[in-house]
Amino acid sequence: MRDTAHGFARWRQTARLVAILITTAVTGAFAHASVAPSSSLGLAHRTLPELRGMLDRGEITSEQLTRFYLARIGTLDDQGPAINAMLDLAPGALARAHELDRHRDEGGHGPLYGIPFVVKDNIDVKGLPTSGGSMVLARAYPRDSAQVVRRLERAGAIVLGKTNMTEFAASYGNPGYSSRGGFTRNPWRLDRSVLGSSSGSAAAVAAGFAPFAIGTDTEGSVRGPAHATGLVAMRPTLGRVSRDGIIPLALSFDTPAPLTRTVQGNAWVLAAMAGQDPSDEATSFNARAPLEDMSALTLPSRQAPLEGIRLGVIEHREAGNAQIEARFARALEHVQAQGASTVQVTLDAHYLDLWPITVGPVHEAEFQPQLERYLRQFDDTQPHTLQEIMARCEALNQHERDNPPVTPQRIRGMQHRLHERLEGSPAYLEVISRRIPELREQLSHFMMANHLDALIFPTEACPAPPLRRQDSDDYECTAREPFALGYIASATGFPELTLPMGVTRAGVPINVSLLGNERQEAELYRLGLALRQTVPEDDVLSLPPPLANTVNPFADRSTP
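Residues 1120 to 1679 (my numbering) make up the sequence shown, in order.
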């Protein structure tokens, strides 16, 4: 495992500096009006609801907040052993923040008004390239922003920039690595992975580069990074949020998803993201079943906030780490003490082995044709087929023989797609037309028949792994497939909420998941809010991550 070539690393740092200088120059006319925020505000790890309150009380402006995050990114993302969370910065961020401040007193604004955020680099943002983390698309500029970005901007949110990701969202043994950005490192321990593929989005929020991020989740691409960094993430019901303007991996499973540090903040972001979009027919159900108002999630007034709740504990799941199992057992004890009933349940065996029979075959069949349809928007200077992308990847590697930027495994994966055209195969059609609908119907019936409000399980059976095998002395993982239960939400399209439940002795966070019935995001958020208040966490989760145990922590731990 290694970083990208030294030449590209220098180019990337220069490009970042140029972007910051351009941003400063563009906003120079009104820069005098923006005073640097006081270090006592502790902005780096303020949650979205806390920032909302500070903006409403006039303790800080959106311009000051945006300046703070841009400065923090410029100072911390490329230095030391770099986190490598960010790829591109939006040069218009400060100007937009200044304009939003001018209209703040007009009222009627939602909770995201004036709040900065970052976007995974497979989601279109007008004016920035959508590269999918690949050098071969580093100059692929979309015609417009994705529907989800436009919705967030209409809500008053401010795009800060694009985040690093696993190249084309498929790791082939290198989660969190891209030829554009190298490995994204975990802010809790720089020698640990952030998993993937929404690696940079999770690392950016954990490191205090933005209060929320947008990733995409196909086969755990948001839930895994949230687990690795101790964040809240919701994979919504398939079709709750438009996939317009997003590089596809497998549209049968793809969905945008928000990453935050609180349940309330996550609910605010999803509410702004969700809605019907004529360009994505999967969103049509929003017209008849819109997302419930998320503006004021509250716990029940009863003394035990989980009274009457039934949670299904999958008794035959595969364990992989003793610390996760111990923490999960404690979490169950606490929810029982708050009134919930935990019921041991047994799912049909095929729900525990979904990759080879359901998820994998769909992924294999859909990636190439759907990617090529997405690429049609670009001009003739950009590749339009998987064959052309692979050829450019191989050409890049020829120039960097000693340290090829595109992993050989990724190229072999593309070659496999070219040789195996499965989109209209009988096996693929069987999964799409019969198996997936049956999985959805059976699971929905199972949860209703057993009166379950949600299934509860560790988000992953193991903690975030080391980036290098030689650093694995304190790492334990005995599970054959650590994310096996996560494929249930992918295959069925049902919502899954993941929440922090503690930190391992090695200093990396671990999460617990709640899987609900379709379109039950609001119910999961209410459950999650209760769990966050009733399940004790390590105190360290409320502090800025130390970034690594092997290097000096940030010198500004006491500053914003």
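Ideal Cβ placement from N, Cα and C applies to all residues, glycine included. Since this is a predicted model, take the numbers as computed values, not measurements.
Could you have a look at residue i and say whether DSSP puts it in helix, strand or coil?
i                  : result
methionine 1620    : strand
phenylalanine 1576 : strand
alanine 1376       : strand
leucine 1247       : coil
proline 1664       : coil
glycine 1126       : Legend: pLDDT at glycine 1126 = 49, less than 50; position of this residue unreliable, no value from coordinates given.
valine 1382        : helix
glycine 1479       : helix
serine 1317        : coil
leucine 1571       : coil
threonine 1465     : coil
arginine 1176      : coil
alanine 1598       : coil
serine 1563        : helix
glycine 1334       : strand
arginine 1308      : strand
serine 1340        : coil
alanine 1352       : strand
serine 1068        : What is shown of the chain runs 1120 to 1679, which leaves residue 1068 out entirely.
leucine 1633       : strand
Is it buried or exposed, residue i, if we count other Cβ atoms within 10 angstroms and call 16 or more buried?
i               : result
glutamine 1639  : buried
arginine 1676   : Low per-residue confidence applies at arginine 1676: pLDDT is 31, beneath 50, and the placement is therefore not dependable enough to give any value.
aspartate 1412  : exposed
alanine 1406    : exposed
alanine 1152    : With a pLDDT of 44 at alanine 1152, under the threshold of 50, the modelled position of that residue is not reliable, and the figure given next carries that caveat. It counts as exposed.
methionine 1567 : exposed
serine 1661     : exposed
asparagine 1440 : buried
alanine 1393    : buried
proline 1664    : buried
leucine 1416    : buried
isoleucine 1333 : buried
asparagine 1522 : exposed
leucine 1208    : buried
leucine 1219    : buried
glutamine 1463  : exposed
arginine 1520   : exposed
serine 1264     : buried
arginine 1191   : buried
glutamate 1434  : exposed
serine 1609     : buried
glycine 1358    : buried
leucine 1537    : exposed
leucine 1425    : buried
Under 8 Å by Cβ, that's how I've got residue i and residue j pegged, so tell me the actual separation to the nearest angstrom.
i                  : j               : result
glycine 1292       : glycine 1315    : Incorrect: roughly 11 Å between the Cβ atoms, too far for contact.
serine 1312        : alanine 1583    : 5 Å
proline 1601       : alanine 1580    : 4 Å
valine 1654        : alanine 1450    : 5 Å
threonine 1623     : glutamine 1442  : 5 Å
leucine 1170       : leucine 1184    : 7 Å
phenylalanine 1565 : serine 1632     : About 17 Å separates the two Cβ atoms, so there is no contact after all.
proline 1261       : lysine 1245     : 6 Å
threonine 1303     : asparagine 1203 : 5 Å
leucine 1279       : alanine 1212    : 5 Å
leucine 1515       : serine 1298     : 7 Å
isoleucine 1277    : leucine 1473    : With 8 Å as the limit, isoleucine 1277 and leucine 1473 do not qualify as a contact, their Cβ atoms being about 38 Å apart.
Ordered list of beta strand (DSSP E) runs contained in the segment 1401-1434, each at least 3 residues: 1429-1433
Check: Would the segment 1571-1584 and the segment 1422-1432 be scored as touching if the rule is three or more Cβ pairs under 8 Å?
Finding: yes
Quick one: complete alpha helix (DSSP H) runs, 4+ long, within the segment 1503-1539?
-> 1505-1518 and 1527-1538
- Item | Segment contact flag, the segment 1523-1532 with the segment 1274-1288, C-beta cutoff 8 Å, min 3 pairs | yes
Let me know the beta strand (DSSP E) ranges lying completely inside the segment 1200-1274, each 3 residues or longer, listed in chain order.
1205-1208 and 1235-1239
Can you check the segment 1271-1305 for any beta strand (DSSP E) of at least 3 residues that lies completely inside it and give the ranges in chain order?
1277-1282
task: Count the C-beta pairs between the segment 1378-1393 and the segment 1220-1234 that are closer than 8 Å, then say yes if the count reaches three, no if not.
output: yes
For the pair the segment 1534-1552 and the segment 1299-1312, tell me if three or more CB-CB distances fall below 8 Å. no
query: Can we say the segment 1624-1634 touches the segment 1254-1270, given the rule of at least three CB pairs closer than 8 Å?
result: no
- Is the segment 1498-1515 touching the segment 1454-1470, taking contact as three or more C-beta pairs under 8 Å? no
Measuring CB atoms only, is the segment 1353-1367 touching the segment 1394-1402, in the sense that at least three cross pairs come out at less than 8 Å? yes
Quiz item: Would the segment 1480-1496 and the segment 1532-1544 be scored as touching if the rule is three or more Cβ pairs under 8 Å?
Solution: yes
Would you call the segment 1614-1622 in contact with the segment 1453-1461, where contact means no fewer than 3 C-beta pairs closer than 8 Å?
no
Would you check if there are 3 or more beta carbon pairs closer than 8 Å linking the segment 1247-1258 to the segment 1171-1181? no
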